[in-house]
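If you count by the numbering used here, then the sequence shown holds residues 18 to 351, one letter each, in order. Note that beta-carbon positions come from the ideal geometry of N, C-alpha and C, so glycine has one too. Let me begin by presenting the structure, written as structure tokens, before commenting on it.
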Amino acid sequence: MSHDNISQLGEFGLISRLTRGVQSGCGVITGIGDDAAVTQPTPGMQLLTSTDLLSENIHFRKRWHPPYSLGRKSLAVNLSDIAAMGGIPRWALLSLGIPPDLTLDFLDEFSTGFLAMATEHDVTLIGGDTCSSKAGLTISVTIMGEQYPQQIIRRSGAVCGDEIWCTGTLGGAALALQLLEGGADQTPENDAIMARLLDPAPRVSTGRALSESGLVSAMIDISDGILADFGHIAELSGVGGQLFAERLPLPGGQRQIEQPEGRQALERALTGGEDYELCFTARPDNHEKIASLAKKCGVAATPVGIVTDSKNVVVCDSHGTPLDMSRGGFNHFS
Ligand code: ADP
Ligand code: MG
């Protein structure tokens with residue numbers, strides 16, 4: 018289909034096409050169609066609001082990213098922020114800057130993917146904005162969630178002696194990006210690793226279960242690599258940390274970090290972006306409870322380090338000796 022179909026629809030035709038799959042949801046008094054949406058938060062809960070902007074050729078490439086999974090990911094990265102606070106996602110706004118060459122098929126699949134992700138997490142699309150773009154496809158999503166005040170988990174609560182945990186595996190999205198940049202095609206064999214980049218699963222139920230359990234002191238989602246993202250917890254909590262290289266859960270299992278391939282996997286795990294796993298801290302005596310809670314959520318949780326009273330975050334071998342990563346491409350963190 019050509020762009021003519023989009024212009025023939027006109028702005029309002031396009032909006033109703035984009036939003037035709039929207040169902041009413043929890044707390045939505047007035048959804049799409051008025052000047053503003055009206056929502057009713059759960060009494061006693063506080064509102065959590067976050068927004069992300071995805072720009073074509075900066076955050077995604079149309080030639081790699083199928084529109085259905087791009088729609089899913091546009092919401093997933095926002096859901097991940099609500100998950101990191103231990104929140105319950107509720108409502109989303111979607112704003113699109115649409116370039117002249119975008120096809121109606123692309124938009125249809127994009128919105129189907131977006132709304133499928135929304136349905137999976139009981140999120141209702143309550144509004145947005147639609148305009149044309151001269152600078153590629155631009156996608157802005159705002160999400161609102163809620164939680165009781167005492168269950169909201171911040172970056173600032175980590176305490177010296179806490180264990181540092183992460184969910185899932187780390188570095189898979191960066192590996193997929195490397196493969197795509199190297200010219201790899203998406204095949205059934207590399208489907209799982211490609212999904213880590215193109216269709217990430219936000220850890221909403223795990224984040225919520227962790228916060229509601231009261232076992233966790235600080236939490237963040239891992240969008241820039243655990244080294245940088247745990248670094249934010251450390252900074253805001255006024256602590257440091259040791260991350261144990263050999264404990265980091267790598268896609269495809271552990272590897273010898275002395276080998277070049279193992280070292281690359283380690284670097285991707287530490288500094289690769291877009292994994293959208295959770296990093297959290299908890300007292301060591303909560304260890305068993307956290308392990309079984311994660312198991313119940315169907316997500317792996319791995320203790321990967323320890324919070325210290327130093328002012329920096331270091332990567333250590335299994336003996337606690339800091340690793341010299343300076344020649345391995347970590348210089349942007351020095
Ligand atoms: P306004 O002129 O008040 O900005 P619009 O004509 O832009 O209103 O939008 C009409 C309705 O459609 C509003 O409820 C708005 O939130 C919604 N809307 C517009 N674009 C989108 C979109 N891309 N996704 C979801 N809702 C949208
Ligand atoms: Mg508008």
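Alpha-carbon spacing of residue i relative to residue j, whole angstroms
i    : j    : result
Q168 : F247 : 20 Å
P106 : L340 : 39 Å
T66  : Q276 : 43 Å
D125 : A190 : 26 Å
L232 : R300 : 8 Å
R213 : P268 : 10 Å
T129 : F297 : 32 Å
I237 : Q164 : 16 Å
H20  : P84  : Note that H20 has pLDDT 48, beneath the 50 cutoff, so the model's placement of it is unreliable and the number below is only indicative. Their Cα atoms are separated by approximately 16 Å.
Contact under 8 Å by Cβ, residue i with residue j
i    : j    : result
V330 : G258 : yes
L71  : F77  : yes
W182 : P320 : yes
E180 : H304 : yes
I49  : V39  : yes
S173 : S254 : yes
G290 : G242 : yes
S41  : T141 : yes
Per-residue burial, residue i [other beta carbons within 10 Å of its own, 16 or more giving buried]
i    : result
H138 : buried
A93  : buried
A282 : buried
K90  : buried
G114 : buried
G88  : buried
M80  : In the sequence under discussion, the amino acid at residue 80 is Arg, which differs from the Met named in the question. R80 is exposed by the Cβ-count criterion.
P205 : exposed
T288 : buried
C148 : exposed
M18  : For M18, the predicted model reports a pLDDT of 37, less than 50, meaning its position is unreliable and no value from the coordinates is stated.
L338 : The sequence as given places Thr at residue 338; Leu does not occur at that position. It counts as exposed.
D51  : exposed
G185 : buried
DSSP three-state assignment for residue i, whether helix, strand or coil
i    : result
S24  : helix
D98  : helix
Q164 : strand
G248 : helix
Q281 : helix
G337 : coil
C43  : coil
R225 : helix
G30  : helix
T186 : coil
S72  : strand
C296 : strand
Exercise. Three or more beta-carbon pairs under 8 Å between the stretch 123-142 and the stretch 322-338, yes or no?
Worked result: no
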